[in-house]
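Residue numbers (this note's numbering): -19 to 185. Just so it is clear, CB atoms sit at the ideal spot from N, CA and C, and this is done for glycine as well. In what follows, a single structure is set out as structure tokens and then discussed.
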């Protein structure tokens, strides 16, 4: 049997979970979907404020939805998660990620030691100092992410990855002929709205 994964979206008004299987290399198959409401105050603007409350609802969701795996990818998108254009000296991706705190100190509204950082390479070029990699910096306050992760773990689930919701939207929605040109996608939630602009299938903003 093919391995499955559950995508998880936790917002102020509820939790949504979708279990996907690999029906083909190009298109996943939706196997199960279920959602449950959350009590007011459990989540504030995309951040889990009451991990124990959210964990209880997650357990109920897993039982009611009949999900076959506890491996989840957690979608994150709130006002304390941001993306910025960034060009860095060309290097292997693991080296670039290790060096991010030194490159982005002046770009962030919070200290780098309080942040989770990642880099999404888009293209390569050359500047006055030599070869560079152009891409998107993804930065989030640790507390804006770890509360959500804690709730998932308290529910007995295994968070295998945390994904920025705009990036996930672009991967799912942009296929075939839609990969050409520029597209804007808007996800309007109960308390947060996320926007991603992609060019030729690559997130740019």
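Can you tell me the Cα-Cα spacing of residue 163 and residue 174, whole angstroms?
Going by C-alpha positions, residue 163 is about 14 Å away from residue 174.
Enumerate in chain order the residues of its own chain whose CB-to-CB distance from residue 55 is below 7 Å, with the five nearest sequence positions on each side excluded.
-13, -12, -11, 143, 145, 148
Grab me the residues of residue 25's own chain with a C-beta within less than 8 Å of its C-beta, minus the 5 sequence neighbours each way, in chain order.
These residues qualify, in order along the chain: -8, 58, 59, 171, 172.
Once the 5 residues before and after residue 13 are set aside, which same chain residues still bring their CB inside 8 Å of it?
-4, -3, -2, -1, 45
Between the alpha carbons of residue -18 and residue 2, how many angstroms are there, rounded?
Because residue -18 carries a pLDDT of 49, less than 50, the predicted location of this residue cannot be relied on, and the following value inherits that uncertainty. Each residue's Cα considered, the two are about 7 Å apart.
Using the Cα positions of residue 132 and residue 104, report the straight-line distance between them to the nearest angstrom.
37 Å
Exposed or buried, what is residue 141 when buried is set at 16 or more other beta-carbons lying within 10 Å of its beta-carbon?
exposed
Residue range of the unbroken beta strand (DSSP E) whose run includes residue -2
-6 to 1
Counting pairs of beta carbons, one from the segment 66 to 79 and one from the segment 108 to 118, are three or more of them closer than 8 Å?
A contact exists between the segment 66 to 79 and the segment 108 to 118.
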